[in-house]
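In what follows, a single structure is set out as structure tokens and then discussed.
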Amino acid sequence: MLKIKTLFILLMACAVYACGPKQSAETVENQKQNDEKVLHKLVTIGGTVSEIVCALGKQEWIVATDRTSTYPAALQQLPSVGYRTNIKAEGVVSTGANMVLADETSMNPDLKTQLEDAGITVKVFKNELTLDGTKKLIHEVAESLNLKEEGTNLVQSLEADWQKVTEKLQGVATKPSVIFVYARGAGTMNIAGKGTFADEMIRLAGGTPAIRDIEQFKPLTSEALIEANPDFLLFFDSGLESLGGVEGALKITGVAETTAGKQKNIIAMEGQYLSGFGPRVVQAVLELSELIHPQAQ
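According to mature numbering (1 follows the signal peptide of the UniProt record, and there is no 0), the stretch in the sequence shown is residues -18 to -1, 1 to 279, in order.
So this is what it looks like as structure tokens:
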């Protein structure tokens, strides 16, 4: 009986010993995550920067964002500091953040100085709106957060995905012409020229930008549409909705005389997804390619 009791005690001791380190490791990991949240209280400004932080696995570090930070959807539940071009220092300071990550189009020198005077670290990044620019931006954001390894892994994943897309595009024989129209109702429409996200995305997706004689964005005219005669008209989904959908787009003066109008080739994609050049850029290129090469499906 004594031997049995002794054996039982030894077994119980071993069980406690075996469980002890596991519980301790879990406790340490939880404490580490809590400490990281205290050390990293971020305000991210610009949808692409916000998306990169989340893709690096640190969404929980973000305490507030701007209105353009819509993906992942959970970001829309966080406090907002306003639209990216109209950020006020007071709003950022009130979040309790200790670091701001922003794209250069949203961070003017005065705002940066005000935030730094308040003791907040400010990191500003340039989004070059190219695939190489996306990879560079991921590395820069990752390094600013001491997440170099995570950044490298994310870029390698993007490169692997891009290789698959390029292999698929090699089998596409045609390069349909495309015009991107930025619309905010029938009274406000602009077409994208050289040097825009649309120009680059259309090329990457195996299309041809139909507008070659303008830089950036210019007001849409019926003459320009008819002369360019695009095979497709591309919109943000919100822009197409503001026109009343496909039927509304077909009523734009000049559209009916284009190939796009005659064949009702009116396509749309979510704005940040199409224009952001963030971690989802390869998926966006693939989706656009499928829209303008339906026969290849």
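Cβ coordinates follow ideal geometry from the N, Cα and C atoms, glycine included.
Asked, Found
"Can you find the residues in the same chain that come closer than 7 Å, C-beta to C-beta, to Thr170, ignoring five residues on each side of it along the sequence?", "none"
"Is it the case that the region 91 to 109 contacts the region 236 to 256, given that we only count it when at least three CB pairs across the two stretches are under 8 Å?", "no"
"Exposed or buried, which one is Glu141 when buried takes at least 16 other CB atoms within 10 Å?", "exposed"
"Straight-line CA distance for Ala187 to Ser76?", "42 Å"
"Report all residues from its chain with a CB closer than 8 Å to the CB of Lys157; omit the five preceding and five following residues, and keep chain order.", "Gly188, Gly189 and Thr190"
"By how many angstroms is the C-alpha of His121 removed from the C-alpha of Ile27?", "17 Å"
"Pull up the distance between the alpha-carbon of Tyr255 and that of Thr103, whole angstroms please.", "28 Å"
"Among Glu149, Ala155, Lys150 and Thr178, which has the Cα closest to the Cα of Phe162?", "Thr178"
"Work out the CA separation of Lys246 and Lys40 for me, nearest whole Å.", "43 Å"
"Compare the beta carbon distance of Ile173 and Ile193 with 8 Å and say whether it is the shorter of the two.", "yes"
"For the candidate residues Ile274, Val31, Ile196 and Ser220, whose alpha-carbon lies nearest to that of Ser159?", "Ile274"
"Our contact map puts Val63 next to Ala84 with C-beta atoms below 8 Å; I'd like the distance itself, whole angstroms only.", "Not really, about 10 Å apart at Cβ, beyond 8 Å."
"Pick helix, strand or coil for Glu42, following the three-state DSSP scheme.", "helix"
"Use the C-beta contact count for Pro212: other C-beta atoms within 10 angstroms, 16 or more gives buried, fewer gives exposed.", "buried"
"Just list the residues that DSSP pairs Met183 with in beta bridges.", "In DSSP, Met183 forms no bridge with anything."
"Check this for me: beta carbons of residue 296 and Ala231, under 8 Å apart or not?", "Residue 296 is absent from the model: the chain starts at -18 and stops at 279."
"Check for me: the alpha helix (DSSP H) holding Tyr164 runs from which residue to which?", "Premise fails: Tyr164 lies in the beta strand (DSSP E), Ser159 to Ala165, not in any alpha helix (DSSP H)."
"For Ile173, write down the residues that DSSP places opposite it in a beta bridge.", "Val163 and Lys200"
"Ala206: which of Gly175, Gly253 and Ile69 sits nearest, CA to CA?", "Gly175"
"Which residue wins for smallest C-alpha separation from Glu86, given the options Ala79, Gly101, Lys130 and Leu111?", "Leu111"
"Rounded to the nearest angstrom, what separates Thr203 and Phe218 at their Cα positions?", "19 Å"
"Please classify Ala100 as buried or exposed, where buried requires at least 16 other C-beta atoms within 10 Å of its C-beta.", "exposed"
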